[in-house]
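With the first letter of the first sequence counted as 1, position 8 gets the number 10 in our numbering; the numbers rise by one all the way through.
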Amino acid sequence: MSSYHIDPLKGLNGQQLQAVEATEGAVLVLAGAGSGKTRVLAHRIAHIIQKGDAKPWQILAVTFTNKAANELRERVAAIAPDGNQVAAGTFHSMMLRLLRREHKAAGFPQDFTVFDSDDSKRLVKIILNEMNEDRFRPNYVHSAISRLKNDFIPPDQCAEEAQTPRDTMIANVYKEYQEKIARFAAMDFDDLLSRPIEVFRNHPMVLNFWSNRWRYILVDEFQDTNRVQFELVQTIAGPRGNLFVVGDDDQSIYSWRGARVENIFQFKEKFDGAQIFRLERNYRSTQPILDLAHSVVSNSIQREAKKLWTERTDGKKPTAIGLTTDIDEVREVVDRIAREVMSGKRSYKDFAILYRTNDQSQLFEDALRARRFPYQVIGALKFLDRKEIRDILGYWKLILNPRDDVALRRIVKEPPRGIGDTTIDKLVKWARENDSSLTEALSKAHQVPGLNSRAVNTCRKFGAELEKWREGLKEKDLGVWAQQMIEETGYLERLEKEGSFEAEGRIGNLERLVSSITAHAEENDTGLRGYLEEVTLATDVDRMDDSADSVFLMTLHASKGLEFPIVFVTGLEAGLFPLENQEQQVENMDEERRLFYVGVTRAEDELFLTYAKQRRRWGQTRYTTVSNFLREIPKESVNWEGLHPYSENQVRTMSLDMFQSGGGWDSSTRNTSASNSASIRATGRARVNPDDIPAIHVGDLVEHERYGQGIVATLTRFRETHKVTVQFDHGFQTFVQDKARLQPVKKFK
DNA sequence: TACATGTCCGTTTTT
DNA sequence: CGGACATGTA
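Take a look at the structure:
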């Protein structure tokens, strides 16, 4: 074997080096946030390749996102030959690949469909309707079933162990669900993990093949694996046990979807003689940020004691900012970004805005759009979740898999084509009695009892149309095919007729869908199926474009594994973060705490924590109190600005200057929003009399006689002078407000 | 069968 | 507040 192209061990510290060079057997790396674990993974893989222990494609690397898998492959490729051939991906995508090959052993046709959670929920709903069961909501039942599957409990066992009528009902639905989904030749997300285990148990030869193929297995983010996933890696690794897992119990944030932190703690027991390494040196953040993170996460009830350290001891102290309303919070955050970007110190991509719930993104988006700042929202109201997109994807799924009744029922009335509920009911009945699919029922509608001749014709016509699209797929270019079939469905026509603003948007989305599949077809030869798979298994973060210079907005969950120079953790209010359910209970305080820890440790240089005393949610304004996480931070670990959550007496002992400039925090809720906005904008500067506020606000569209229209980026007041900076198309320009005669054109909100 | 109107509901985080 | 669903009517 040739020597390293680049010395792969160069630059690793002692702890990292030990982990990388660990030889055979099971290895657990307890890697703190920012401790360079991705690097360790890449070097470990390169090390295996270079030693000649395995070919790249004999190494399975499981990551939490496909993006992480790509990055890992690139890193390995940079230090080891053919490093990009490492089998890397998420559990779901790797197991799907395996199942396509082993479909016979799994008892499925090769082109089985993958149900996303929307499909699964629809199926649950159909079953509940059929069973005349209306005591429980489809969502609730679906998540119960999903949890059972994640714990590898089959329907029969579930029925046996049922304690209450509710359990029995769930067991019944679960059973029916499994039968139906199999009849539809489909697998849901959970099946993608549990079916391979079944295959391995029932077909030792198959297991033998894959165990031999994947001689080394590496798993990242091990704290967020569930039971099925642990079982999977254990099974594939087999007695050889060449398993290298990396995780951090402090960053376990997915227990609500079945992840088990215990997987980390039980690792040593399950793998006798496992080696354990700890990476506690942080390479990402400054010491003040780490101190703050530690002060909150160390209050966790259950936790492996550890503390990160860094050589970056000189950083800025994190800032906590209290605001009056959610709008003010948005304005404050966006103002700060504007100031940093304008001064040339930072670019947009240096900033991440993190929040607990997706719907918090909306206000930030509005503000950023109003100022024409480039931004990317990761996740949130996903393109693929839009109704029109899902409808067309439904057509495509059905075209690929005629047995997919869920897809057919989804699209048969979109757009309306003369097949209504009564007809569908008759088709469903016939299909059940004749053990066939709804697609078959369509084309054999003449055999279905109770249908009049008009209904029979409509059904058969639609069946033939589906068949035609199916045939067309074989001949035509995918993009062209997609374009044509969307037109032929009449979907576009209906939207055009509607003519509303909303319908325009939907048409635009469909156009985007066509260009997306066209682009996919140009780069891949996986066809429609490949496109659908990519679309269903892609994680939110996978769609992130990190080459673009834009502000990043995402949930705290989505931020895992990422890093940014400046991070805003927003909405730090009781009830919101930590988040309470409808019963006003925090379901898992430790996990919320860890989520906070994850968010905070994304920051490299600067960290801002914000909360608003007043927030609009579900169309109602609520008054909030500050998050206990903010209260737990020691006074000396954070600078307070704006409103202060503590009583006046306490405040005076803390930071008097902010108290004065922000103007009475405890009286804040009584103020009108206009005067509050003023005091917030004045935060940290001279005290401002609300009467002095100019008629122009940050975010306003203004007109200048010479430069034309622009957006107000910042307002600064120093003594008597008001300065205003405006972003024009050609760039930023600062004026003394009284002299520039800027005319407001339209106010932002 | 299709559409209009009214009502109810949930509203975390995601592969 | 917005979407999904139910109900009533053309």
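Backbone N, C-alpha and C fix where the C-beta goes; we use that ideal spot for every residue, glycine too.
For the ligand MG, I want to know if residue i counts as a neighbour, meaning its beta carbon is within less than 7 Å of at least one of the ligand's heavy atoms.
i: A24; result: With respect to the ligand MG, the structure shown offers nothing to examine, as it has no ligands at all.
Among the options, which one has its Cα closest to the Cα of residue i?
i: I155; options: A457, D293, P206, R197; result: R197
i: R434; options: F186, G712, E506; result: F186
i: F755; options: F232, V588, D293, L101; result: The question about residue 755 has no answer, for the chain in this structure spans 3 to 751.
i: T67; options: A90, E589, L356, A48; result: A90
i: S639; options: W59, N214, S297, D222; result: S297
i: E331; options: G346, G601, D368; result: D368
i: I355; options: L100, E565, R99; result: E565
i: P290; options: R242, N641, E536; result: N641
i: D407; options: L98, L429, N454; result: L429
i: R242; options: T25, L744, E585; result: T25
i: L475; options: R229, K399, A33; result: K399
i: I323; options: E582, L574, Q584; result: L574
i: R462; options: A161, L480, A443; result: A443
i: I413; options: I81, N436, L281, L440; result: L440
i: D190; options: F117, T170, T166; result: F117
i: L98; options: M546, K562, E535, D592; result: E535
i: A523; options: Q584, W483, R77; result: W483
Please check the pair residue i and residue j, which I expect to be a contact at CB under 8 Å, by giving their CB distance rounded to whole angstroms.
i: L30; j: I266; result: 7 Å
i: E390; j: L530; result: Actually they are not in contact, since the Cβ atoms of E390 and L530 sit about 18 Å apart, beyond 8 Å.
i: A614; j: T315; result: About 33 Å; that fails the 8 Å criterion.
i: A63; j: V88; result: 6 Å
i: Q225; j: V263; result: 5 Å
i: P140; j: K151; result: With 8 Å as the limit, P140 and K151 do not qualify as a contact, their Cβ atoms being about 16 Å apart.
i: I219; j: I238; result: 6 Å
i: I488; j: I394; result: 6 Å
i: R374; j: I713; result: 6 Å
i: L125; j: L194; result: Not a contact, Cβ separation roughly 16 Å.
i: V588; j: L597; result: V588 to L597, Cβ: 11 Å. No contact.
Please state whether DSSP places residue i in a helix, a strand or coil.
i: G665; result: Note on G665: pLDDT 29, under 50, position unreliable in the model; the coordinate value appears next. Of the three classes helix, strand and coil, the one that applies to G665 here is coil, per DSSP.
i: R99; result: helix
i: V704; result: strand
i: L294; result: helix
i: D153; result: coil
i: Q236; result: helix
i: N301; result: coil
i: N228; result: strand
i: T460; result: helix
i: M171; result: helix
i: L14; result: coil
i: V88; result: coil
i: A676; result: Residue placement at A676 cannot be trusted, given a pLDDT of 32 that sits under 50; what the coordinates show is reported in the next sentence. DSSP places A676 in helix when its eight states are reduced to three.
i: L558; result: coil
i: D190; result: strand
i: E565; result: coil
i: R689; result: Note that R689 scores 29 on pLDDT, short of 50, meaning its location in the model is unreliable and no value can be drawn from it.
i: Y625; result: strand
i: S681; result: Reliability of the predicted coordinates at S681 is poor, the pLDDT of 30 falling under 50, and no value is obtained from them.
i: W642; result: strand
i: W212; result: helix
Quick one: what's got a C-beta closer than 7 Å to residue i's C-beta in the same chain, skipping five residues either side?
i: A560; result: I380, G381, D542, V543
i: P157; result: A173, Y176, K177, Q180
i: L410; result: L400, L440, T441
i: L292; result: N284, L310, T312
i: N301; result: R595, E634
What residues in its chain sit with their C-beta under 8 Å from that of residue i, if we drop five residues either side in the sequence?
i: T92; result: V64, T65, F66, T67, N68, A71, L539, T541
i: L386; result: R392, L395, V537
i: L281; result: Q17, Q18, A21, V31, L32, A33, G34, S37, G38, K39, V42
i: Y493; result: E390, D393, I394, E416, P417, L512
Please return the same chain residues whose Cβ sits closer than 6 Å to the Cβ of residue i, not counting the five positions on each side in sequence.
i: W471; result: I401, M487
i: V247; result: L30, V221, F224
i: A676; result: Residue confidence is low: A676 scores 32 on pLDDT, short of 50, so the model does not pin down where it sits. No coordinate-derived value is stated.
i: S95; result: L539
i: S148; result: D192
i: F353; result: I339, V553, I568
task = Ignoring anything shorter than 4 residues or poking outside the region 389-443, list the alpha helix (DSSP H) runs there in chain order.
result = 389-402, 407-413, 423-435
ask   = Unbroken alpha helix (DSSP H) runs of length 4 or more, entirely within the region 588-620: which are they?
value = Correct list: 591-602.
message = Runs of 4 residues minimum, wholly inside the region 453-538: which ones carry the alpha helix (DSSP H) assignment?
response = 455-477, 480-491, 493-500, 503-525
ask   = Unbroken alpha helix (DSSP H) runs of length 4 or more, entirely within the region 11-84: which are they?
value = Assignment of alpha helix (DSSP H) within the region 11-84, counting only whole runs of 4 or more residues, yields 16-23, 39-53, 68-81 in chain order.
query = Can you list, in chain order, the stretches of the alpha helix (DSSP H) that have 4 or more residues and sit fully within the region 237-290?
reply = 264-267, 269-272
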